[in-house]
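Q:
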Amino acid sequence: MKKPKIKKVDWYGFNHKKAVKKLGADRFCNEFTVRKNDGSPRAVYYSSNPNRSEGHKSYPMLHVDSFTDTLYVSAMDQEEIDECRWYPAIHCLHCNWIIFSIHRHHFNPCKCRSKKKRVYIDGGREYYAPRIVFGDNANFKNCEIDMLTDEIRYSEAENELLGVHGETLVALRKDKNAKRTKCTSR
Ligand SMILES: [Zn+2]
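Below, the structure is given as structure tokens:
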């Protein structure tokens with residue numbers, strides 16, 4: 129199988145070129161939620177030479193507060209970002225795309241056209257594990273992406289965890305008495 133592609137998210141629609149200049153950074157890394165239970169994903173940039181005397185750090189980041197529509201700048205150093213750089217994701221083995229959920233209300237499908245094959249991930253980084261929904265013929269693996277390098281790693285333990293959630297959902301959907309089932313694993 130070819131190397132899978134990661135379905136990137138453009139959550140805020142930032143102009144990363146401009147942002148890199150403004151922040152004095154080297155490059156844009158990715159957009160993701162850096163802390164659990166944080167409703168605002170961050171656009172994360174990397175700076176190889178931060179101005180330490182002004183308190184700058186290696187990973188400046190931007191986010192917009194959706195209530196006040198205010199742009200915020202924050203930053204992390206290497207040790208801090210090392211704790212959150214691996215992000216939960218799903219690798220669809222049919223379309224060979226890797227998907228992740230950037231926000232608690234970001235319901236992200238893979239690229240399969242067939243509903244029976246398609247898999248979705250939802251829930252951002254809010255819960256113990258992201259929620260997934262998938263069709264009867266779906267074929268996928270749970271994995272994690274390094275948001276700073278796009279490296280992918282597969283974790284067997286979490287695979288089992290998500291598998292249970294998925295099977296529960298399918299079981300619920302096949303119950304003819306259940307008119308409508310919500311996709312939740314909580
Ligand atoms: Zn797919």
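Numbering-wise, the sequence shown is residues 129 to 314 according to my numbering. We put the CB at the ideal spot given by N, CA and C, even for glycine. What you are looking at is a predicted structure, and each value in this text was computed from that prediction instead of being measured.
(1) Would you call the region 172-188 and the region 140-160 touching, i.e. three or more CB-CB distances under 8 Å?
(2) Shorter than 6 Å, the distance from the beta carbon of residue 73 to the closest heavy atom of ligand 1, or not?
(3) When you compare each of 208, 246, 233 to residue 218 by their alpha carbons, which one comes out closest?
(4) Regarding residue 342 and ligand 1, is the C-beta to nearest heavy atom distance less than 6 Å?
(5) Run the proximity test for residue 271: is its beta-carbon closer than 6 Å to any non-hydrogen atom belonging to ligand 1?
(6) Report the CB separation of residue 248 from residue 267 in whole angstroms; it is logged as a contact under 8 Å.
(7) So, with DSSP's three-state summary, where would you put residue 151?
(8) Nearer than 6 Å: is that true of the beta carbon of residue 240 relative to any heavy atom of ligand 1?
(9) For residue 222 and residue 240, what's the separation of their Cα atoms in angstroms?
(10) Cβ of residue 227 within 7 Å of Cβ of residue 135?
(11) Mapping DSSP to helix, strand and coil, what is residue 219?
(12) How would you label residue 129, buried or exposed, when you count the other beta carbons within 10 angstroms and need 16 or more for buried?
(13) Could you work out which residue in 252, 230, 250, 262 is closest to residue 242 when comparing CA atoms only?
(14) How is residue 159 classed by DSSP in three states: helix, strand or coil?
(15) Do you know offhand how far residue 234's Cα is from residue 198's?
A: Looking at the atomic coordinates:
(1) Cβ pair count under 8 Å is three or more, so yes.
(2) In this structure the chain extends from 129 to 314, so residue 73 is not present and cannot be described.
(3) Against the sequence shown, residue 218 aligns to sequence position 90. When only C-alpha atoms are compared, the closest one is 246.
(4) The structure shown does not extend to residue 342, since the chain spans only 129 to 314, so no value can be given for it.
(5) Reading the sequence shown from its first residue, position 143 is the one you call residue 271. No, the Cβ of residue 271 stays beyond 6 Å of every heavy atom of ligand 1.
(6) Walking along the sequence shown from the start, residue 248 turns up at place 120. Walking along the sequence shown from the start, residue 267 turns up at place 139. Their Cβ separation, rounded to whole angstroms, is 14 Å, which puts residue 248 and residue 267 out of contact at 8 Å.
(7) Residue 151 sits at position 23 when you count from the first residue of the sequence shown. Helix.
(8) Taking the first residue of the sequence shown as position 1, residue 240 is located at position 112. Yes, the Cβ of residue 240 comes within 6 Å of a heavy atom of ligand 1.
(9) In the sequence shown, the residue the question calls residue 222 occupies position 94. In the sequence shown, the residue the question calls residue 240 occupies position 112. One C-alpha to the other measures close to 7 Å.
(10) The residue you call residue 227 lines up with position 99 of the sequence shown. The residue you call residue 135 lines up with position 7 of the sequence shown. A Cβ-Cβ contact shorter than 7 Å links residue 227 with residue 135.
(11) Your numbering for residue 219 matches position 91 in the sequence shown. If DSSP states are grouped into helix, strand and coil, residue 219 belongs with the strands.
(12) Locating residue 129 in the sequence shown gives position 1, counting from the first residue. Counting other Cβ atoms within 10 Å of its Cβ, residue 129 stays below 16 and is therefore classed as exposed.
(13) Numbered from 1 along the sequence shown, position 114 holds the residue referred to as residue 242. Nearest of 252, 230, 250, 262 to residue 242, Cα basis: 262.
(14) In the sequence shown, counting from the first residue as 1, residue 159 sits at position 31. Residue state, collapsed to three classes: strand.
(15) As a first step, residue 234 must be located in the sequence shown, where it is residue number 106. As a first step, residue 198 must be located in the sequence shown, where it is residue number 70. Put simply, the backbone Cα of residue 234 is about 21 Å away from that of residue 198.
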